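Contents: one structure, followed by commentary.
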Amino acid sequence: NGGTRYSAHLLHEVREYDGTVVFTREPEIVDTVDLDAKAVSTVKYAMKDVTENGSAARLFVNYPIIIGGKTGTAQVSANSTLPDNALFSGFAPYDNPQIVGSCILEAGEAGANASKVVASVFEQYFAE
């Protein structure tokens, strides 16, 4: 958001059974931070590269929306036999972000696996 931090929320709208909107949550700015525009652009580009050429690229091949994202894998313990935890955070669409999604899968093995969950959320969001 270029340094603008919004209040996180899960609910966007409430509708009647016939589709009539009875409530829409308006964005609430919590804080702003001065960020270097070049640094923001570099990070966004790198996040797009993750979904086009990096660790999450196999999932987003032919994906209808260009997104930016970052995978992560967190080791449970050096002495553990449990699979690693999987993490993914992404935003969409790349050029005009409307939504951010994050997922942590305990024992998910690799961050790319968590990206599948976020991709499903994005698909539902943009289906409307």
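Under my numbering, the first residue of the sequence shown is numbered 6, with each subsequent residue one higher.
For glycine and all other residues, C-beta sits at the position ideal for the given N, C-alpha and C.
Because the structure is a prediction, the values reported are computed rather than measured.
Minimum Cα-Cα distance from arginine 30 among the listed residues Ala42, Tyr22, Gly24 and Leu15 corresponds to Leu15.
Taking a contact as a CB-CB distance under 8 Å, the pair glutamine 103 and alanine 97 counts as one, their CB atoms being some 7 Å apart. Rounded to whole angstroms, the separation of the alpha carbons of glutamate 18 and aspartate 89 is 36 Å.
Per the C-alpha coordinates, the member of Asn101, Tyr99, Ala119 and Ala115 positioned closest to serine 107 is Ala119.
Assigned with DSSP and collapsed to three states, threonine 47 falls in helix. Bridge partners of aspartate 36 according to DSSP: Arg10. For threonine 9, the closest of Asp23, Val35 and Phe28 by C-alpha to C-alpha distance is Val35.
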